[in-house]
Amino acid sequence: MFVGIRQHVPRAVFRSMVPVLIAISLSLLLTRLDIDYKTLSQRCFSSSAGPNNSNSWSSSSSSSSSSSASEAFNYQVAIAYQPKDRNEPIYAKLKESLSSPTGEDNYFISHRRNSDLYAGVADGIGGWANHGYDSTAISRELCTAMKEISENTNKDIHPNELLNLAFTAIVEEKRVEVGGTTAIVAHLKPDGVLNVSNLGDSWCGVFRDCKLAFETKFQTVGFNAPYQLAVIPQHILDAASKKSGSFIMNKPSDSDNYTFQLLKGDVVLLATDGVTDNIAVEDMELFLKDKYESPQSLQDVTQEFVDKVVTLSKDPTFPSVFSQEYSKLAGQFYSGGKEDDITVVVIKVE
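Going by UniProt numbering, the first residue of the sequence shown is number 1, and it counts up by one from there.
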């Protein structure tokens, strides 16, 4: 038994999930079937504009990025989020989760200067709610610690070191009773270098001229089971051990680390899996193309993006990324969005 695995699935899928999980647990091999999955780019965002003219909400473009190497990059930030509905009985006693504006997700922004930015998102593991615990605290405290540490030093801290310092602090200071969380942390430096550290299935992507130029990879131990930082009291560990139970417990050193050179005009997106379980990169590209000439502010564009994903996550006919992956495991077609907390940080490189 893996405690901390996310357990929420589309309603249309839930009734048939048990036999599939049994099949997985017995290590049955499912052959790849030629199921006619709908192409993601045909069922979500449309594209009526392209990167051929001036960009209103992203004022500088990568085509003009040949500026002096000594000229510092600037970063404009927008944040949008939407917690999922928590009407299930298991949330009745979890007051933090019910009152948090981001649900079990959290984020932080540390804008030390216009040209020096730390940002991150963390996704508390919802599976703990089935055991009476709330992962809102660990994602919140981790983000709070990363913000505090990054703002109280003048030296560069690699995102992985920042994640390690923050996680160590919340454990040693006993800020969290129990819970688990994913985390992705980015540092955008004055020279345009992007350093990213990712643990779990949150995501970072860089879009250049509305096309994906860089992305992080998901870290999972299995379907719907991401790597996670966990705080688990010894008595829970002991009780699980007696039942041959197991937990997903990773360290910050298990993170994947990335470096990427940004150009002016790039758009950096950090998101929890409430986004990537529903829409694919192609959908994000189509959305950006539609917004390329938009007079909207970066904040308005980011909010509209989240609103669209929320709508799709509640659509029982929508062929989400999650439902398509589940269909492959089940060997038959399922559809439906995956309702989850959604948190997005969008950064415009100037």
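All C-beta atoms, glycine included, are put in the ideal place defined by N, C-alpha and C.
Close-in-space but distant-in-sequence residues of the same chain around residue i (CB under 7 Å, 5 per side omitted)
i	result
E151	S110 and R112
T276	W203 and V321
Q332	none
A145	A166, A169 and I170
L94	A129 and D134
In DSSP terms, what residue i is bridged to
i	result
F108	G120
F207	L212 and V267
T182	D123
I347	V77 and V268
N195	H187 and T259
Q82	I342
R113	D116
Where residue i falls, given that 16 or more other Cβ within 10 Å makes a residue buried
i	result
P233	exposed
G120	buried
D341	buried
E88	exposed
P295	exposed
S139	buried
K338	buried
D34	Because the pLDDT of D34 is 36, which lies under 50, any placement of that residue in the model is unreliable, and the number read from its coordinates should be weighed accordingly. With fewer than 16 other Cβ atoms within 10 Å, it is exposed.
P159	buried
A239	exposed
T272	buried
G132	exposed
D85	exposed
S99	exposed
K147	buried
N154	exposed
S323	buried
Y334	buried
Under 8 Å between C-beta atoms of residue i and residue j
i	j	result
V171	A137	no
A183	L212	no
I248	V267	no
L117	L188	yes
D123	G200	yes
P190	A72	yes
A186	V196	yes
L298	Q76	yes
N114	N74	yes
V344	T302	yes
F167	L237	no
residue 355	F207	The requested residue 355 does not occur in the structure, where the chain is confined to residues 1 to 350.
T181	S135	yes
I347	L312	no
E285	C210	yes
Close beta carbons around residue i, own chain, < 8 Å, minus the five adjacent residues each side
i	result
Q261	G192, V193 and L194
I149	I157, L162, L165, A166 and A169
P101	Y81 and P83
S253	N160 and N164
V231	I138, I170, V171, V176, E177, V178, G179 and G180
V310	Q82 and I342
Contacts around residue i, its chain only, beta-carbon distance under 6 Å, and the 5 residues preceding and following it disregarded
i	result
E215	G205
G274	D340, D341 and I342
R32	Only weak support exists for where R32 lies, its pLDDT of 32 falling under 50; the coordinates are left without a value.
K243	none
P226	T182, G200, D201 and T220
T259	N195
Cβ-heavy atom distance, residue i to the ligand SAH, below 7 Å
i	result
T317	With respect to small molecules bound, the structure shown includes none, and the ligand SAH cannot be examined in it.
Check your understanding: Going along the chain, which unbroken runs of the beta strand (DSSP E) with 3 or more residues stay wholly within the stretch 131 to 161?
Key -> Considered as a whole, the stretch 131 to 161 harbours no complete run of any beta strand (DSSP E) with no fewer than 3 residues.
**Study point:** Every unbroken alpha helix (DSSP H) inside the stretch 210 to 295 [4 residues or more]
**Key:** Within the stretch 210 to 295, the complete alpha helix (DSSP H) runs of at least 4 residues are 234 to 242, 273 to 276 and 281 to 290.
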